[in-house]
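What follows is a set of notes on a single structure, which appears directly below.
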Amino acid sequence: MADLQQQIAALCPQAQFDTVDNLLMVTVDDAQWHALAQQLKENLHFDQLSCLAGVDWKDSIGVVYYLTNTDTQEMVHVKVATTDREHPMLHSVSDIWAVANYQEREAYDFFGIVFIGHPDMRRFFLRNDWVGHPLRKDYDENPELNPIRLEDEMNEDDTCTYIEDEDGNVKKVDGKVFEDDEYVINFGPQHPSTHGVLRYRVSLDGEMVKKVDVVSGYIHRGIEKMCESLTYPQTLLYTERMDYMAAHINRHCLCMCIEKALGIEVPRRAELIRLMMDELMRLSSHLLSYGCLTMDQGATTAFFYGFRERELIYDIFDRTCGARMSMSYSTIGGVVADVHPDFIKDVRHACDVIESKMKEYHQLFTGNVIARNRMVGVGELRKEDAINYCITGPSGRASGVHCDVRKTHPYSLYSEFDFDEVIRTEGDSMARYMVRMDEMLQSIKILRQACDKFEQCEGNEYIAEKVPKMIKLPAGHWYQQVEASRGAFGVYLESDGDPKPFQKPYRMHFQSPCFNLIGVVDLTCRDNMIADLITITASIDFVIPDIDR
Amino acid sequence: MEVKKPKIKSMRYEDFKDNEYIESLVEQLNASGVNVVVGKLDQLLNWSRSNSLWPFCFGTSCCAIEFMCLGAARYDMARFGAEVARNSPRQADYIMCQGTITYRMAPVLKRLYEQMAEPKYVIACGACTVSGGPFKNSYCVVKGVDEIIPVDVYLPGCPPRPEAMFYALMQLQRKIKVTKFLGGDNRKEKRMEYVPAEK
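As they're listed, the protein sequences go chains A and B.
Number 25 in numbering that gives the first Met the number 0 belongs to position 26 of the first sequence; there are no gaps in the numbering.
Number 0 in numbering that gives the first Met the number 0 belongs to position 1 of the second sequence; there are no gaps in the numbering.
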């Protein structure tokens, strides 16, 4: 870490350094930031922007960037802030890391930070006639300012960029998303193939896609803002309702983040239970994405096959947690209750059944001529683009990126387990589909080992570490990543060290994998047929509430 | 001719909750008097309509996954004649609103509801659509879908189990069985603007 500090200091002498959360933190002024970002990417190979969280520090307002070096998996975070609260402006890094495009739009929507040089400075989640920026600490929550509007949004095509000239004056330049003579069709928000309420506006040339404009926010529920008014154990509930197909995993992540801040060790039995639940969740999620991908291409039978096996997993959840979905099972310090006596038997049975049925899935769909024609070579995503757009999870690994958080930054007990990271290099829809199918086998492998380990640690009945009734975190910030079913899910947690009895998080940001996935829709669908849009988005596989949060 | 209490084949009348509501509807129908011929025809129509309810696919979040389980083999919605999930509002009989409705979604939902053909029904499925649920304090979540469109059946749960969804479906069937179709719902009336009740 000292090496890295010296290298960065050589690049930017004005930077200040600090070590927070075992990571090097660099604080720079906005004036040096863009040049430093360029250097960090080119000279020090920090080629992935893993997380971008806007924060309102009351006296200043700014952004925290988490950067990853995809070769060494080293991480560093950079804090850039401005004291101008009326018209906060920072320099955009969307020309350096493509993923910043949507993330900066999110920061603009939440905090009103204008990014100079950003090509498309529109709101992302909220209506374009929304008054105020909700995550600012001085946001006026008066419902009369923002009533439920039942008329359509106007001027959807308008966008703008902010350009800085040589003297440092910033000028606003208006623009249009689509040209006047373009043929634009609307797709969604209520469409069965978008897997939820996502909306695309697609510009067509005959049947070829020229450009896709993603309009999100139809299920934006303001989770990050609500978390700021709840105590830590209460915030856990929302993690399950973002990516409901990775409910356990997301909750596990937030629990780990708070445990890290508190300095709590979780009992081994609880860790094993959490890990098994995570892998069961991953199986259930991949089975669902198999079902939906096949159904989107017209193979309705395969959908029933996928759901048949999911019910087995639901039964396990039902018996242990008491609910089929939104289980609320992990808690700070461990898990809520011990597992059902038949848990291990059920898990082994489910593993055997799913493994034997995998052959059936492949027979039904994978070898099918129509399926191969529609998926092989369609929607290719190159490795550089996958890194640039921060695509993780099965979609990233299908493009050859080594990005499994279970391997790159092992958490929980994953370092004890023997499993392979499934990597393919084709990057097309077929590869993304096959990575999921192969990952299911790896999950089964992990589950079987976990069952053995669980039986070996019988007698050790502790399922939760004691935590104080009122959880108070010291001032500081933490970042925790896990491998959710669709990619790396991260939690950025900031506490102001408030001494009052019921401490609330100062800022909680969820870096969801699906948010990054929609960034490549335009890139992968361009110059493909409109019918391939369905296949490509189904193979990328996103959950909309995870995008919108 | 007397209108009878609605019967559902697989569940006893006493096992349902909210029977008073159904009874008040029956009473109302009987008080206004029913012609034998029209009444018999009404019964036939209501029987066929209640056993062939086509849902409109309107899933915004978690509840939609449970709704998919309803369509799959284990729960099998086809037993209720409701498996024909339509993607166009114009072909659907009822809208099962699954998941949170946000301010941005509200105009879309309103328009989709208005595009459906009469008679149409709404099931508010899940805590979010009933009252805003866990997101009640949010700055951009509609606190109950009944602020925008009228609701026939409220179904709490986060998300409701598939069995609960069937219960809501059966409640809707019961409600349809005690309506006056001829000279009732299908009569050309002036369209009324929906005004949400004060909370």
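All C-beta atoms in this analysis are idealised placements derived from N, C-alpha and C, irrespective of residue type, glycine included.
Here the C-alpha atom of Gly518 (chain A) lies approximately 16 Å from the C-alpha atom of Lys209 (chain A).
When B:Val152, B:Ser60, B:Arg103 are compared, the shortest CA-CA separation from Ala246 (chain A) is found for B:Ser60. With a contact defined as Cβ atoms closer than 8 Å, Tyr243 (chain A) and Met324 (chain A) qualify at about 6 Å. Residue environment analysis places Tyr193 (chain B) among the exposed positions, since fewer than 16 neighbouring C-beta atoms fall within 10 angstroms of its C-beta. Arg381 (chain A) is classed as exposed because its beta carbon has fewer than 16 other beta carbons within 10 Å across all chains shown.
Cβ-Cβ distances below 7 Å link His44 (chain A) to Asn68, Asp70 in the same chain, with the five nearest sequence neighbours on each side left out; the list follows chain order. Ile147 (chain A) belongs to the set of residues whose beta carbon lies under 8 Å from a beta carbon in chain B. For the C-beta of Ile218 (chain A), the chain B residues within less than 8 Å are, from N- to C-terminus, Thr59, Ser60, Gly98, Thr99, Thr101, Met104. The C-beta of Ser494 (chain A) has 16 or more other C-beta atoms within 10 Å across all chains shown, which makes the residue buried.
For Glu464 (chain A) against Pro266 (chain A), the beta-carbon gap comes to about 6 Å, under 8 Å, which counts as contact. Within a 10 Å sphere around the beta-carbon of Val130 (chain A) sit fewer than 16 other beta-carbons, which makes this residue exposed.
Taking C-alpha positions only, Val213 (chain A) is separated from Gly486 (chain A) by approximately 20 Å. Assignment of Tyr432 (chain A) by DSSP, reduced to helix, strand and coil, places it in the helix class.
When DSSP states are grouped into helix, strand and coil, Phe509 (chain A) belongs to the strand group. The region 78-163 of chain B contains, as complete alpha helix (DSSP H) runs of 4+ residues, the segments 105-114, 126-130 (chain order).
Of the candidates A:Val98, A:Ile95, A:Trp32, A:Trp32 places its Cα closest to the Cα of Leu89 (chain A). The beta-carbon separation of Ile7 (chain B) and Arg173 (chain B), rounded to 6 Å, stays under the 8 Å limit for a contact.
In this structure, the beta-carbon distance from Pro133 (chain B) to Met95 (chain B) does not fall below 8 Å. Two segments are said to touch when three or more pairs of C-beta atoms, one from each, lie closer than 8 Å; by this definition the region 114-125 of chain B does not touch the region 31-38 of chain B.
If you draw a 10 Å sphere on the C-beta of His251 (chain A), you find 16 or more other C-beta atoms in it, and that means buried.
DSSP places Phe55 (chain B) in the strand class (E or B) of the three-state scheme. Taking a C-beta cut-off of 8 Å against chain A, the contacting residues of the region 64-78 of chain B are Ile64, Glu65, Met67, Cys68, Ala71, Ala72, Arg73, listed in chain order.
The beta-carbon of Pro133 (chain B) is placed less than 8 Å from the nearest beta-carbon of chain A.
Taking Leu412 (chain A) as reference, the option from A:Cys513, A:Ala430, A:Val338, A:Met276 with the minimal CA-CA separation is A:Met276. Within a 10 Å sphere around the beta-carbon of Phe501 (chain A) sit fewer than 16 other beta-carbons, which makes this residue exposed. Rounded to the nearest whole angstrom, the C-alpha separation of Gln296 (chain A) and Tyr388 (chain A) is 27 Å. Among the residues facing chain A, Pro158 (chain B) is included, as its CB has a counterpart in that chain under 8 Å away.
Among the CB atoms of chain A, one or more fall inside 8 Å of the CB of Cys139 (chain B).
The beta-carbon of Gln296 (chain A) is placed no less than 8 Å from the nearest beta-carbon of chain B. For the region 306-328 of chain A, residues whose beta-carbon sits nearer than 7 Å to a beta-carbon of chain B comprise Phe306, Arg307, Glu310, Arg323, Met324, Ser325. In the DSSP assignment, Glu163 (chain A) falls outside any alpha helix (DSSP H) and lies within the beta strand (DSSP E) extending over 157-163. Collapsing the DSSP output to three states places Thr330 (chain A) in a strand. The secondary-structure analysis by DSSP pairs Asn185 (chain A) across a beta bridge with A:Arg200.
Look at Cys402 (chain A) here: in three-state DSSP terms it is coil, with no helix or strand label. Residues of chain B with a Cβ closer than 8 Å to the Cβ of Pro512 (chain A) do not exist, since the nearest Cβ in that chain sits about 17 Å away.
Exclusion of the five residues before and after Ile343 (chain A) leaves Cys450, Phe453, Glu454 as the residues of its chain whose Cβ lies within less than 7 Å of its Cβ.
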